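Going by this note's numbering, the first residue of the sequence shown is number 515, and it counts up by one from there. Built from N, CA and C at the ideal position, the CB exists for glycine as well. None of the values given here were measured: they were computed from a predicted structure. Below is one structure, written out as structure tokens; the observations come after it.
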Amino acid sequence: MAERTFVEETKKLRLGEGETFHGEGILAVTKALLQSGVAYVGGYQGAPISHLMDVLHDAQPILEELGVHFENNASEAAAAAMLAASVNYPLRGAVAWKSTVGTNVASDALANLASGGVTGGALIIVGEDYGDGSSIMQERTHAFAMKSQIWLLDPRPNLPSIVKAVEMGFELSEASNTPVMLELRIRACHVHGRFQTQDNRSPGFTIDEALANPVRDTSRIVLPPASFQHEHEKVNARWPAAIKFIQEHGLNETFPGEHAEVGLILQGGLYNSVIRGLERLGLADTFGNSRIPLHVLNVTYPLVDSELAAFCADKRAVLMIEEGQPDYLEQALASILRRADIDTRLHGKDVLPKAGEYTGKVMLEGLRGFLTAAAPELLPYTEAAPAPDQAAPTLPPRPPGFCTGCPERPIFTAMKLVERELGPRHVSCDIGCHLFSILPPFNIGNTTMGYGLGASAASAFHGSKGGRAISVMGDGGFWHNGLTNGVANAVYNGDDDVLLIVDNFYSAATGGQDLPSSRAENPIRHTNIPIEQAVKGVGAKWVRVIDRTYDVQRMKETLTEALTTKAKGPKVIIAQSECMLNLQRREKPKVRQALKEGKRTVRQRFGVDSDTCTGDHACIRISGCPSLSIQPNPDPLREHPIAQVDNTCVGCGLCGEAAHAAVLCPSFYRADVISHPNRWDRLKHRWRQGIIQRLQAWHEKRLSPLPPAAQSFGETHA
């Protein structure tokens, strides 16, 4: 199973009535699910909710005790389809994934689920990955919620609010027969805090009971004429039921303030940033008490018109704080105020950025802009004396890159060497660690269209006379979407391009979760399914397996063969080596324990011979390893800095392999660092030292000057 574990953390899931939970947001979500009597849970990993899948996996004993079924689904679509169990039965189910990309994958199943409606509570936990630190296209879940009429929760980022959102999410879903999305931003997933726990609950209605008493209701199936009725049901029955529930249970929150002439309306997930901005302006304290009234939308869809109208009625101006674009909430609020004939002035994207993450600095400037226009008397700062935050330094950019020793780096080193000989190729990228190849030093990759869609994105180039295109896909993408939409599609259409599948044994980019092809045994999953067999099973004929990606020469030769062979059909290369991060997670504790016990350990390190290094740094340009850098040249007659390998080296050997395959200078050497050496190690060391000392003495003797008598003209020295 995957090397990262949350077994210790899951012990907190056993806390009972009245006890206090201390911990992180994701673990609190898991506890809330168990307190809510959930019957089944599924999902697909992806930041920022990746380790929700890990926690659920490690909590399997607790889930089994409660009778909760957990499934780590093959994709977000499979997870969304799993919620079909809640359509006809009073089963509470929850699934999770990274949004918005996960929602896009799940959209077909979600649209059907929302159309037919649900009987049991259906909760979709989406990790909202929006902002400068995101790895995906910048879109919001809000648009999908409106499109399919799925209610959207965006709770304040503290544990009591998040736990309440989970529990109320199930109740709201059941009260309105509608699936509910719970949007958790990055900071909400990782926030730490505490809340008072309740006892875990077994499902009130179990999967076994559902199977023993099957229900068939054709009015819930999206087929004419029922599908036409669903739209009317959404508007005339489910929507009013949701509004009533939101009001009766106070899901949205209003906080009073002494300056009631203005107000702030905000998405719940932005609450902490707003309070921090107000605190910097002297309008809130460190305990969250605001001097300006706040209306917090813990439910951002649907909006409750009467609540918003009541909040705005006695104010001369309000600010709608809505992160991202388009300004759905601001437009809706403008319409609400107009219909209610309320003349409160509405601010929003006029003082806040139209797009982008509302960081602390952005929020501060937006609040200052609103107050300057609506209530300048409340501002403690003037333009002549700006707030101290304005002078804060900007953080330097930190582009993503491969980890030290990553087994994917040598693949792209080999591709650069092939490019030098055969010319550049169109390279279709995929989602995963290998996407870092688009950045320096490799600069490889033309497009990326989605998880497991690398081969599909290159399919238009089939039949081109300009040479074969290359597509890259990870093992995670392969099992998620790539086997059918990539390999099978290429075989079916007779594509003649090259597909490179990177098999690092895990879903590495999302935290190292297991896959069907993972090597280690998993007690609750079936692993060790070879990618090679799956590829051949859908008809691929030209298949090559490289079981050590660090062999750059072999990688280069195989790529060259794939690009030049006369064989027809897709050429599939499966490049295998274990993710170095997971390997180190497993091996480092073993080494530490061995050292603690005084046992012999051997660690390989690589270095650069300063006398041999030419200083042209070609080794760095075809590797990019973080442990390979430069240092001043020790030779006073040479001015160019030389390469060096620092102490972060994990001994993968790529630097030497790349130098050999590219015919660079032979300056790299390998050293075995031995801790607690045995007698044989010490004997070899003394023997080697003796030989080295003799060679050094002989070398010094050769360089020593001749005696004075032998320096006279014409005299020879025997």
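Residue j beta carbon less than 8 Å from that of residue i
i, j, result
"residue 535", "residue 525", "no"
"residue 649", "residue 561", "yes"
"residue 943", "residue 1023", "no"
"residue 1234", "residue 637", "Here the chain has residues from 515 to 1232 only, and residue 1234 is not among them."
"residue 865", "residue 883", "yes"
"residue 859", "residue 823", "no"
"residue 791", "residue 881", "yes"
"residue 609", "residue 593", "yes"
"residue 1116", "residue 1038", "no"
"residue 747", "residue 631", "yes"
"residue 693", "residue 721", "no"
"residue 1014", "residue 945", "no"
"residue 627", "residue 682", "no"
"residue 996", "residue 959", "no"
"residue 917", "residue 1094", "yes"
"residue 993", "residue 1029", "yes"
Beta-carbon proximity list for residue i, same chain, < 6 Å, skipping 5 on both sides
i, result
"residue 1209", "none"
"residue 771", "804, 805, 806 and 807"
"residue 521", "572"
"residue 971", "942, 961 and 963"
"residue 1138", "955"
"residue 1089", "925, 1016, 1060 and 1063"
"residue 576", "527"
Bridge partner(s) assigned by DSSP for residue i
i, result
"residue 650", "Looking at the DSSP assignment, residue 650 forms no beta bridge with any residue, so it has no partner."
"residue 1003", "Answer is none; residue 1003 lacks a bridge partner."
"residue 627", "Per DSSP, none; premise fails for residue 627."
"residue 1015", "987 and 1088"
"residue 1058", "1087"
"residue 479", "Residue numbering for the chain in the displayed model covers 515 to 1232; residue 479 lies beyond these limits and cannot be assessed."
"residue 943", "962"
"residue 534", "710"
DSSP state of residue i mapped onto helix, strand, coil
i, result
"residue 699", "strand"
"residue 1027", "strand"
"residue 1064", "coil"
"residue 787", "helix"
"residue 1209", "helix"
"residue 615", "helix"
"residue 950", "helix"
"residue 877", "helix"
"residue 1227", "Unreliable placement is indicated for residue 1227, whose pLDDT of 47 sits below 50; the coordinate value is still reported in the next sentence. Coil at residue 1227, not helix or strand."
"residue 963", "coil"
"residue 809", "strand"
"residue 892", "helix"
"residue 804", "strand"
"residue 568", "helix"
"residue 816", "coil"
"residue 1189", "strand"
"residue 1253", "Coverage of the chain is limited to positions 515 through 1232, which leaves residue 1253 absent and any answer about it impossible."
"residue 850", "helix"
"residue 901", "With a pLDDT of 49 at residue 901, under the threshold of 50, the modelled position of that residue is not reliable, and no figure is offered here."
"residue 832", "strand"
"residue 1183", "strand"
"residue 839", "coil"
"residue 636", "strand"
"residue 866", "coil"
"residue 861", "strand"
Residues near residue i by beta carbon distance below 7 Å, same chain, minus five either side
i, result
"residue 1147", "1129, 1153, 1154, 1155 and 1156"
"residue 653", "614"
"residue 1098", "1164"
"residue 543", "566, 639, 676 and 680"
"residue 518", "568, 1025, 1026 and 1099"
"residue 1050", "1057"
"residue 816", "665, 753, 756 and 757"
"residue 975", "940, 983 and 1011"
"residue 1143", "1158 and 1160"
Own chain residues within Cβ distance below 8 Å of residue i, not counting five before or after
i, result
"residue 932", "1070, 1073, 1074 and 1077"
"residue 914", "649, 950 and 953"
"residue 711", "529, 530, 531, 532, 533, 534, 535, 545 and 549"
"residue 563", "540, 557, 610, 611, 612, 639, 640, 641, 698 and 703"
### alpha helix (DSSP H) runs wholly inside the region 652–696, at least 4 long, in chain order
656–662 and 673–690
### Task
Taking only runs that begin and end inside the region 1109–1158, name each unbroken beta strand (DSSP E) of 3 or more residues, in chain order.
1115–1122 and 1142–1145
### Whole beta strand (DSSP E) elements within the region 732–804, 3-residue minimum
If only uninterrupted beta strand (DSSP E) runs of at least 3 residues are considered, those enclosed by the region 732–804 are 767–769 and 776–781.
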